[in-house]
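In the UniProt record's numbering, the protein residues as written are 1 to 382. We put the beta carbon where it would ideally sit given N, CA and C, even for glycine. First comes the structure, then the notes that go with it.
What follows is the structure in structure tokens.
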């Protein structure tokens, strides 16, 4: 981030945070992340493993970028100083970035719900289950012979493997939780004493944030108290995901209770039994949250005298243009996701046609016998 050139610059916004290129990149990156998610749910009403993996990579990329923004902000404030205005902008962008955690979770929940017709919330407190499992094993083993060193080593290896499998499977949730923790640390740093967050107290007193379009002065006590309370709760890793996971997971439970076909026994396992209402509702809520933060941030920038003093923030400088490189990976993921979905649908159609031909007995007897014997129908033919 840039270094203030003089003491007079301490009341101006930092162009590396509020610059048009940085904002455009963050806005576009977050809004584009919804396109493959909506496409995966709408196109065939189900989410396959490839699509879930693609969304996982996309969400992880956004969250890693979000970590860089938060860390850079903290380092900048400790070294050269930032204004309270800049801190509020970073918090707005961080809230937007963190919605990618729940974009992935909604698709993961939809995939499992479609398979099991019941919602199984991921084991956020996985370490507690490891401890419980260890106690149960120790209790059972205490009644038998003394366990050998090899068995202890095997159990430790199994626990380690289980832990790594968990972190790999729920990497987005872990990244999202840690990002919320780091964001909350910055939020507490700012809101505990907005005047001391920067070198010049007068800047903080003149700063206001916008919530749903309403102007709220930073010096207002009730806003400070609520902000401290919220960021204190979100500071604890793992715990900070419990409430949003329960809320989004509840969409599936509520739909299962009130869906029209609840009393009808659905014996077919085809995708038609998996409604997209819950996942679309969740994605729409997240998209609206992003739009609200974008509008509030732009109103804050457009009405703030602090922002107007920073002339570089509205210019497409070299640094602002380079920031647009953040869009390269989301654009690539979006194109790959659309192409992959088309290939998957074509393969499924060919498979159904082959199944139909085999079942009707209209295929050559030799080929039919080979298929029945377990031959790979995906064999490549030159």
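Short of 6 Å from the beta carbon of residue 92, and not among the five residues preceding or following it, lie these beta carbons of its own chain, in chain order: 293 and 297.
Going by DSSP, residue 214 is part of the beta strand (DSSP E) stretching over 214-217. By the C-beta density criterion, residue 190 is buried, having at least 16 other C-beta atoms within 10 angstroms.
Burial state of residue 54 is buried, judged by a 10 Å Cβ sphere holding 16 or more other Cβ atoms. For a cut-off of 8 Å, the C-beta gap from residue 254 to residue 45 is around 19 Å, too long to register as a contact. Between residue 208 and residue 56 the beta-carbon gap is near 38 Å, outside 8 Å, which marks them as no contact. Residues 294 of the same chain have their beta carbon placed closer than 7 Å to that of residue 27, with the five preceding and five following residues left out of the count. A straight line joining the alpha-carbon of residue 218 with that of residue 102 spans about 29 Å.
Segment contact: the segment 238-247 against the segment 59-75, fewer than three CB-CB distances shorter than 8 Å; contact not assigned.
Between residue 90 and the set 40, 76 and 17, the nearest pair of CA atoms involves 17.
The shortest CA-to-CA distance from residue 60 to any of 24, 78, 77 and 104 is the one to 104. Counting other Cβ atoms within 10 Å of its Cβ, residue 339 stays below 16 and is therefore classed as exposed.
Inter-residue distance for residue 334 and residue 249 is about 26 Å (C-alpha atoms, whole angstroms). CA-CA distance, residue 236 to residue 227, rounds to 15 Å. The alpha-carbon separation between residue 24 and residue 322 amounts to approximately 11 Å. Here residue 80 carries a coil assignment [DSSP, helix/strand/coil]. By a beta-carbon distance limit of 8 Å, residue 41 contacts residue 110. Their separation comes to about 7 Å.
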